[in-house]
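J.: Quick note on numbering: my numbering labels position 51 of the sequence shown as 51, and the sequence is numbered without any gaps.
Dropping the structure in here first, questions after.
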Amino acid sequence: MGEPGTTKFQTDLRRHLRQRGVERNLIRIICEISEASKYIINSIRTGDLGVAGTSNLYGEEQLALDVLSDRILQKRLKNSGVCASMVSEENNDIIRFECGGGDCYSVAYDPLDGSSLVDVNLAVGTIISIYKGDNVLLRGREQVAAMYILYGPRTTLVYSTGDGVHEFGMNQLMEYTLVQENVTIDGVGGIYSPGGQRNLYTSGTEKYVLSLEESGHKLRYSGGFVPDINQILMKGRGIFMYPHLKGRPQGKLRLLYELNPMAFLVEQAGGAASNGLMPILDIEPDGIEMCAPVFIGCCEDVATAEKFIAEESV
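What follows is the structure, given as structure tokens:
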């Protein structure tokens, strides 16, 4: 990181994307999403915290903020003219658009991950996965970009187009300016963020968690996927897990909207992401509703999780 006032701190998101040689229409998609986040921030600060009276494709009751955030993003993507299709955790179907000239892209997103935390004033975020062409039902390895926006004490945007992971902060003019380039994760970490009920962990996962505690890992869990992954990336260490559970072998988190984009970012930073048996980015999606267990963070910690699960066969 440089000092305030240096050129590095004056580089805005669009300029940075151009300097990295990102394709023009992909820049447009990323910048449209960054613009949408400004309206989502305002909705979080001033919007209705109640329920919307509807449910998503998982049967979960939607909050008014979920629905509004989804509409904001959908409108920006449609108006970009370069989005061929999009799918959201809040919709039951893939939505297709007319795409103009040049390269077109498809986007899968969670408009407001952790929205149930807003009423108690905890950090939440938007998660984005981007593919070239008109198909989002691809392995995560096929992503051309991934990003998230974290709405916390500061609003930050983290993105990768396959050339490292870069962090931007929103300034007083609501512009995203560069904070740091090439964020990296160490091989092994000292913190862990465990999702799911521990009494439902399988024997392999339980033994793994015990090994983390015995090695001195400290529990740091916010209840939000975006802030917990941001913690790992920005501290450069740690592991997040939402494992397979007794009675819920596929875990809880969604492959398209949550796991693929975060796995892409973490791998780009030098970390790893696994379902306990194979890399998240190599999983073939069987539908937009697919879920998977996840162990994501430092490479050595993820490899150790896979070892315990293989030894116990669960």
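Don't be surprised by glycine CBs; every beta carbon is placed ideally from N, CA and C.
What is the residue span of the alpha helix (DSSP H) that T304 lies within?
T.: The count along the sequence shown starts at 1 and reaches residue 304 at position 304. Taken as a continuous stretch (DSSP letters only), the alpha helix (DSSP H) holding T304 covers C299 to E312.
J.: Note down the Cα distance separating E175 from Q10, rounded to an integer number of angstroms.
T.: Taking the sequence shown and counting its residues from 1, one reaches residue 175 at position 175. Taking the sequence shown and counting its residues from 1, one reaches residue 10 at position 10. Each residue's alpha carbon lies about 10 angstroms from the other.
J.: Indicate the three-state DSSP secondary structure (helix, strand or coil) for L219 in the structure shown.
T.: Here residue 219 corresponds to residue number 219 of the sequence shown, with the count starting at 1. Here L219 sits in strand by DSSP.
J.: Which term fits E306, buried or exposed, when burial requires 16 or more other beta carbons within 10 angstroms of its beta carbon?
T.: Here residue 306 corresponds to residue number 306 of the sequence shown, with the count starting at 1. Looking at its Cβ environment, which holds 16 or more other Cβ atoms inside 10 Å, E306 is buried.
J.: Please say whether N25 and G114 have beta carbons closer to each other than 7 angstroms?
T.: Locating residue 114 in the sequence shown gives position 114, where the first residue counts as 1. Locating residue 25 in the sequence shown gives position 25, where the first residue counts as 1. Cβ atoms of G114 and N25: not closer than 7 angstroms.
J.: Restricting to runs no shorter than 3 residues, where is the beta strand (DSSP E) found entirely within the segment 100-180?
T.: Runs found: 105-113, 124-132, 145-151, 155-160, 166-170 and 176-180.
J.: If you reduce the DSSP assignment to three classes, tell me which class L26 lands in.
T.: Mapped onto the sequence shown, residue 26 falls at position 26. Correct three-state label for L26: helix.
J.: Output the boundary residues of the beta strand (DSSP E) element that contains Y242.
T.: By 1-based counting over the sequence shown, the position of residue 242 is 242. It spans I239 to Y242 - the beta strand (DSSP E) in which Y242 sits, taken as one unbroken run.
J.: Just the Cα atoms here: how many angstroms apart are E142 and D282?
T.: Position 142 of the sequence shown, counted from the first residue, corresponds to residue 142. Position 282 of the sequence shown, counted from the first residue, corresponds to residue 282. Cα-Cα distance, rounded: 9 angstroms.
J.: Using 10 angstroms around the beta-carbon of E98, count the other beta-carbons present and answer buried if the total reaches 16, otherwise exposed.
T.: Position 98 of the sequence shown, counted from the first residue, corresponds to residue 98. Under this definition E98 is an exposed residue.
J.: By the DSSP assignment, the beta strand (DSSP E) with Y257 in it spans what residues?
T.: Here residue 257 refers to the residue found at position 257 when the sequence shown is read from its first residue. From DSSP, Y257 is part of no beta strand (DSSP E); its letter is neither H nor E.
J.: Looking at V188 and D93, is the spacing between their C-beta atoms short of 7 angstroms?
T.: Looking up residue 93 in the sequence shown gives position 93. Looking up residue 188 in the sequence shown gives position 188. No, these two residues do not count as a Cβ contact at 7 angstroms.
J.: Are the beta-carbon atoms of K132 and Y109 separated by less than 7 angstroms?
T.: For the purposes of this step, residue 132 is taken as residue 132 along the sequence shown, with counting starting at 1. For the purposes of this step, residue 109 is taken as residue 109 along the sequence shown, with counting starting at 1. No.
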